[in-house]
Amino acid sequence: MKITRRDFNRQALTTMGATLAAASLPSFGMGAPLVLSKMGIASTSFSGAQIGSGGPRTPAGQQAPPRQFAQRDAMQFLEKCHALGAGGIQTSLNGDLPKLRARADELGMYIEGMVSIPRNGDMSSLEKQLTDMKSIGVKVARAAMLSGRRYESFSTLADWKKWVDGSYEAIRLAMPVIEKHKVVVALENHKDWTLEDFQKLLKTYQSEYLQVCLDFGNNISLLDDPMEVITGLAAYAKSTHIKDMAVQPYEQGFLLSEVNLGTGMLDLAKIVQIIQKANPQAKFSLEMITRDPLKVPCVTDQFWEVFPDRNGKYLARTFKLVNEKMWHKPLPTVSELSPEARTKVEEDNVKACIQYVNEKQLIA
Numbered sequence: 008m009k010i011t012r013r014d015f016n017r018q019a020l021t022t023m024g025a026t027l028a029a030a031s032l033p034s035f036g037m038g039a040p041l042v043l044s045k046m047g048i049a050s051t052s053f054s055g056a057q058i059g060s061g062g063p064r065t066p067a068g069q070q071a072p073p074r075q076f077a078q079r080d081a082m083q084f085l086e087k088c089h090a091l092g093a094g095g096i097q098t099s100l101n102g103d104l105p106k107l108r109a110r111a112d113e114l115g116m117y118i119e120g121m122v123s124i125p126r127n128g129d130m131s132s133l134e135k136q137l138t139d140m141k142s143i144g145v146k147v148a149r150a151a152m153l154s155g156r157r158y159e160s161f162s163t164l165a166d167w168k169k170w171v172d173g174s175y176e177a178i179r180l181a182m183p184v185i186e187k188h189k190v191v192v193a194l195e196n197h198k199d200w201t202l203e204d205f206q207k208l209l210k211t212y213q214s215e216y217l218q219v220c221l222d223f224g225n226n227i228s229l230l231d232d233p234m235e236v237i238t239g240l241a242a243y244a245k246s247t248h249i250k251d252m253a254v255q256p257y258e259q260g261f262l263l264s265e266v267n268l269g270t271g272m273l274d275l276a277k278i279v280q281i282i283q284k285a286n287p288q289a290k291f292s293l294e295m296i297t298r299d300p301l302k303v304p305c306v307t308d309q310f311w312e313v314f315p316d317r318n319g320k321y322l323a324r325t326f327k328l329v330n331e332k333m334w335h336k337p338l339p340t341v342s343e344l345s346p347e348a349r350t351k352v353e354e355d356n357v358k359a360c361i362q363y364v365n366e367k368q369l370i371a
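Basically the numbering used here = 1-based index in the sequence shown + 7.
Listed below in structure tokens is the structure:
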């Protein structure tokens, strides 16, 4: 069939229009790049804009309640992360799990789960979560024992010690279930355990299935040196939350913020190298939480009440770090933005982090 110039132009314009329309679609499941990053994304990277600065502070003496997030569809999250160029996901699993696994395999992406360790003695929910994960070949699931921050969640040393005892008991009851399914439960250093606390816990159970989701920056809030945390826990790091951090002093201590990779204070290349040497199979999942800076009130009496093993050495070292690595412009805030604007900033931050990892070839 003879094609006239008018037909050719019409066909070309139609094709161009379809291409431009596809490019303008939201990244949620569309526009996937050909080459994926070696870094994945933790679902917590897309919760900060929903919760702003973390909500109201918990009154002294009360444990902070779990932060409430909307239920995330695992398949939609997989597609979104693929569209952004991520190499995998870390999230709670739901929906058609065989279909999720098949799609991840098709896209060449890894899956890590998220689980909760019950504190009421009933391990049926953990049993169900690990059974589901094992059924589709998920080998690692992140967990956290405390949903809040130690220095905000507890007002007395007795409260803290009671929580520690309850955590040890919960893990003791969970271990038979975890070892039965042979899915590694990677506990996160979640602004709860100091380095010494965490090492003691891990040595207590000494199980290849109770390991660590190593967060690059959380323990700064507990006055730990970030590199000492990395070197002290790298051997257990079967999963990670890769992030960069910025700090500034304020009247009661210092401010702590997640910032785009490569713009903060952490030596990311060195950290990645240490972890990969200790655990070559460890996955790096971005946790870029978009929120207002967190206040670490480390010069208040209340803060020190729940850190019996800390002393002036830790405080002096931390303030030296804050002064040397101080962020010399206002730390990012989002609480004044509309929900739509906050969501855009959140996604822009994730994109910038992926671009940095790819350009610097940060992950071998």
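Beta carbons: idealized from backbone N, C-alpha and C, even for Gly.
| Asked | Found |
| --- | --- |
| Could you check what DSSP says for G120 in three-state terms: helix, strand or coil? | strand |
| Do you know offhand how far D199's Cα is from L153's? | 6 Å |
| Could you pull the DSSP bridge partners for L293 from this structure? | I48 and I249 |
| Return the first residue and the last residue of the alpha helix (DSSP H) that E265 is part of. | Note, E265: premise wrong, no alpha helix (DSSP H); beta strand (DSSP E) at G260 to V266. |
| What residues match up with V145 in a beta bridge as DSSP calls it? | DSSP lists no partner for V145. |
| DSSP state of L164, grouped into three classes? | helix |
| Let's see if you can read the secondary structure: which residues bound the beta strand (DSSP E) around I227? | No beta strand (DSSP E) contains I227, which DSSP labels as neither H nor E. |
| So, are the CB atoms of P256 and V329 less than 8 Å apart? | yes |
| Which of the three DSSP states, helix, strand or coil, is assigned to I361? | helix |
| Runs of 3 residues minimum, wholly inside the segment 273-355: which ones carry the beta strand (DSSP E) assignment? | 290-293 and 301-303 |
| Between the C-alpha atoms of G92 and K327, what's the straight-line distance to the nearest angstrom? | 38 Å |
| Nearest CA to the CA of I227: which residue from H248, M252 and F84? | M252 |
| The alpha helix (DSSP H) spanning T238 covers which residue range? | P233 to L240 |
| Could you pull the start and end residues of the beta strand (DSSP E) that T98 belongs to? | G95 to T98 |
| Roughly how many angstroms lie between the CA atoms of T238 and A165, to the nearest whole one? | 30 Å |
| From this set, S264, I361, A359 and Q309, which residue's C-alpha is nearest L338's C-alpha? | S264 |
| Could you give the residue range of the beta strand (DSSP E) that holds E113? | Here E113 belongs to no beta strand (DSSP E); instead the alpha helix (DSSP H) covers L104 to L114. |
| Rounded to whole angstroms, what's the CA-CA distance from A181 to K336? Just pull it up for me. | 45 Å |
| Using the C-alpha atoms, what's the distance from L194 back to T350? | 28 Å |
| Where D231 and R108 are concerned, what is the direct C-alpha to C-alpha distance, given to the nearest angstrom? | 38 Å |
| How should T138 be labelled, buried or exposed, when 16 other C-beta atoms within 10 angstroms of its C-beta is the threshold for buried? | exposed |
| For Q218, is the classification buried or exposed, using 16 other Cβ atoms within 10 angstroms of its Cβ as the cut-off for buried? | buried |
| Which residues bound the beta strand (DSSP E) around E195? | V191 to E195 |
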